[in-house]
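Quick notes on the structure that follows.
There are 2 protein chains.
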Amino acid sequence: MRPQIVLFGDSITEQSFRFGGWGAALAESYVRKADILNRGYGGYNTKWGLFLLHHLFPLDAPTPPVAATIFFGANDAALLGRTSERQHVPLEEYKENLRRIIQHLKKCSPSILVVLITPPPVDEAGRFEQARSMYGDKAMKLPERTNEVTGEYAKQCVELARELGLPSINLWSKMQETEGWQKKFLSDGLHLTAEGNAIVHQEVVKAFNEAGFSAQKMPYDVPHHSEIDGQNPEKAFQLQCPAV
Amino acid sequence: MRPQIVLFGDSITEQSFRFGGWGAALAESYVRKADILNRGYGGYNTKWGLFLLHHLFPLDAPTPPVAATIFFGANDAALLGRTSERQHVPLEEYKENLRRIIQHLKKCSPSILVVLITPPPVDEAGRFEQARSMYGDKAMKLPERTNEVTGEYAKQCVELARELGLPSINLWSKMQETEGWQKKFLSDGLHLTAEGNAIVHQEVVKAFNEAGFSAQKMPYDVPHHSEIDGQNPEKAFQLQCPAV
Chain A
642 MRPQIVLFGD SITEQSFRFG GWGAALAESY VRKADILNRG YGGYNTKWGL FLLHHLFPLD
702 APTPPVAATI FFGANDAALL GRTSERQHVP LEEYKENLRR IIQHLKKCSP SILVVLITPP
762 PVDEAGRFEQ ARSMYGDKAM KLPERTNEVT GEYAKQCVEL ARELGLPSIN LWSKMQETEG
822 WQKKFLSDGL HLTAEGNAIV HQEVVKAFNE AGFSAQKMPY DVPHHSEIDG QNPEKAFQLQ
882 CPAV
Chain B
642 MRPQIVLFGD SITEQSFRFG GWGAALAESY VRKADILNRG YGGYNTKWGL FLLHHLFPLD
702 APTPPVAATI FFGANDAALL GRTSERQHVP LEEYKENLRR IIQHLKKCSP SILVVLITPP
762 PVDEAGRFEQ ARSMYGDKAM KLPERTNEVT GEYAKQCVEL ARELGLPSIN LWSKMQETEG
822 WQKKFLSDGL HLTAEGNAIV HQEVVKAFNE AGFSAQKMPY DVPHHSEIDG QNPEKAFQLQ
882 CPAV
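The following block contains the structure:
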């Protein structure tokens, strides 16, 4: 069977197969090499994600995933006392939840490649505009997320990766290196534009490559069509797909 | 585990996760409901596809796919005596190969929903332009595929679906209903533009819906975040993800 790469996270993962999405782009990068499974759950934080672990990644799975991205924090970083406080997870608990998710995946498969992704930056003005467009005058007056607080979550995520010797992508920092990141990479102050998706895709491919998990090095599951002799096709299939 | 939908075919399936691709769009349509697995093999015809059946769809698979698209014919219809003749499969053999593919899938899972897709139309002028841009004066002088011959393959595909009582998508006819289909839907006279991909996506969703396999009717695998009580999250997970 084809190796599986799982994308575990919140809405930014769930939406990753929309037009120009980073999940779809990853599926194209690993086409004929690996299956990309979307396990994104809009609105979820790490605390709720923990409930899914045994369901999504049973310990007795015969073929556990070979690689996974863990991409939470945008909801964990929602502020207490604001409109999204239901999703808030305290900073230290966020880090411990991430650790438990990683431990579980490693228990499923000791050799799994885990890449941690921090939440993207937050454009507070973009969040306000989005809220006003949906709720008009009833929109929140105070931000439910701030870029500064989300940055603290990003920091914990990167720190945990360093502690555990795992690759990580500091999307919060990376995106802010580009002028105009607020509108260039974010569609509503939180979710990604096609250009924002392209950054995630590029960084994930880079992290996978650096960890020795590059699509170029993976074998094709079956012969490339150019290897098939039109007169004598069975020859090309003997090794990988022997006649049954 | 999440139900699987397999896309089995040639390059038009293999490329279906590129920017704006119909496979990615289908993954978005079935997000959190089903996994879309890309089993597209560029250059393949039905004859070569037969060699893959036991490899891709083992008869003893514990969880066979719930649905599949079979999308071959663009290469089978390559003409004898022309540059792509290696890929040619005679018309009657094409139909019989499709029948064998369907039989195999039904053996894997008697309840599987199989949707047949005909090859898209061929824009011969577009094929020439593509060949000239790649090979200059050495480009073929005679078309390796014609729209007329590909139409005969499309007809056999639809006829087989009717014989077997399966849904089918006559892409060859459907696309030609729109004026300017040559450039609107095809990028090089054979492969799909984003707009061509959108047609395939729309028709596949329609065929799945009409067969009672609509994403709207499928349950979420785990609770929607709005059902989770921030103070008492375990309650929402009791049914689908009980504590281990």
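Line order of the protein sequences matches chains A and B.
Residue numbering for the first sequence follows my numbering, starting at 642 and increasing by one per position.
Residue numbering for the second sequence follows my numbering, starting at 642 and increasing by one per position.
Cβ coordinates follow ideal geometry from the N, Cα and C atoms, glycine included.
(1) State the DSSP-derived secondary structure class of D829 of chain B, mapped to helix, strand or coil.
(2) How about R727 of chain A: is its C-beta nearer than 8 Å to some C-beta of chain B?
(3) Return the chain-ordered ranges of every beta strand (DSSP E) run that is complete within the segment 735–823 of chain B and spans a minimum of 3 residues.
(4) I need the DSSP call for A675 of chain B, collapsed to helix, strand or coil.
(5) Between P879 of chain B and D651 of chain B, what straight-line distance do the alpha-carbon atoms span, to the nearest angstrom?
(6) With distances taken between CB atoms, is the gap from V647 of chain B to P706 of chain B smaller than 8 Å?
(7) Quick check for students: name the residue ranges of the beta strand (DSSP E) that lie wholly in the segment 658–738 of chain A, counting only runs of 3 or more.
(8) Does DSSP put T645 of chain B in a helix, in a strand, or in coil?
(9) Taking 8 Å as the threshold (C-beta atoms), are E734 of chain A and K688 of chain A in contact?
(10) Would DSSP call G650 of chain A helix, strand or coil?
(11) Helix, strand or coil for Q872 of chain A per DSSP?
(12) List the endpoints of the continuous alpha helix (DSSP H) containing F849 of chain B.
(13) On a CA-only basis, which of B:Q656, B:M642, B:T724 is nearest A772 of chain B? Give me that one, please.
(14) Taking a Cβ distance cut-off of 8 Å, strictly less, list which residues of the segment 777–788 of chain A are near chain B, in chain order.
(15) With burial defined as no fewer than 16 other Cβ atoms inside 10 Å of the residue's Cβ, what is the status of D870 of chain A: buried or exposed?
(16) Could you give the DSSP three-state label for H866 of chain A: helix, strand or coil?
(17) Nearest by alpha-carbon distance to I836 of chain A: which of A:Y671, A:T819, A:N716 is it?
(18) Thinking C-beta only, is F849 of chain B closer than 8 Å to A708 of chain B?
(19) If you run the structure through DSSP and keep just helix, strand and coil, what is Q881 of chain A?
(20) Buried or exposed: P751 of chain B, going by 16 or more other Cβ atoms within 10 Å of its Cβ?
(21) Counting only C-beta atoms, is K688 of chain A closer than 8 Å to chain B at any point?
(22) Since D676 of chain A meets chain B, which of its residues come closer than 7 Å, beta carbon to beta carbon?
(23) I'd like to know whether the C-beta of Y735 of chain B is nearer than 8 Å to at least one C-beta of chain A.
(24) How about the segment 690–707 of chain A and the segment 657–673 of chain A: do they share at least three Cβ pairs that are nearer than 8 Å?
(25) Compare the C-beta of I711 of chain B with all C-beta atoms of chain A and state if any pair is closer than 8 Å.
(26) With H, G and I counted as helix, E and B as strand and the rest as coil, what does DSSP make of Q857 of chain A?
(27) For Q823 of chain B and G767 of chain B, which I take to be in contact (beta-carbon distance under 8 Å), what is that distance rounded to the nearest angstrom?
(28) What does P874 of chain B reach in chain A if we use C-beta pairs closer than 8 Å?
(29) For H842 of chain B, which of B:A852, B:L812, B:P860 has the nearest alpha-carbon?
(30) Is the beta carbon of V799 of chain B less than 8 Å from the beta carbon of T759 of chain B?
(31) Beta-carbon separation of G683 of chain A and E655 of chain A under 8 Å?
(32) Go through its chain and collect everything with a Cβ distance to Q797 of chain B's Cβ below 7 Å, but skip five positions before and after it.
(33) Strictly below 8 Å CB to CB, what residues from chain A border G662 of chain B?
(34) Is it true that the segment 855–870 of chain B meets the segment 673–680 of chain B, where meeting means three or more beta-carbon pairs spaced less than 8 Å apart?
(35) Of all the options B:L801, B:G722, B:F649, B:Y671, which has the alpha carbon lying nearest to the alpha carbon of N686 of chain B?
(36) Using alpha carbons as the reference points, say which of A:A884, A:R786, A:E868 lies closest to G722 of chain A.
Here's the rundown:
(1) coil
(2) yes
(3) 754–758
(4) coil
(5) The displayed chain sequence assigns Gln, not Pro, to residue 879 of chain B. The alpha-carbon atoms of Q879 of chain B and D651 of chain B are separated by roughly 43 Å.
(6) yes
(7) 676–681, 708–712
(8) At residue 645 of chain B the sequence reads Gln, which differs from the Thr that was named. Strand.
(9) yes
(10) strand
(11) coil
(12) 835–851
(13) B:T724
(14) none
(15) exposed
(16) helix
(17) The amino acid occupying residue 836 of chain A in the given sequence is Glu; Ile does not appear at that position. Measuring from the Cα of E836 of chain A, the nearest candidate turns out to be A:T819.
(18) yes
(19) coil
(20) exposed
(21) yes
(22) L678
(23) no
(24) no
(25) no
(26) helix
(27) 6 Å
(28) K688, W689, F692
(29) B:L812
(30) yes
(31) yes
(32) L732, Y735, K736
(33) A665, E669
(34) yes
(35) B:F649
(36) A:R786
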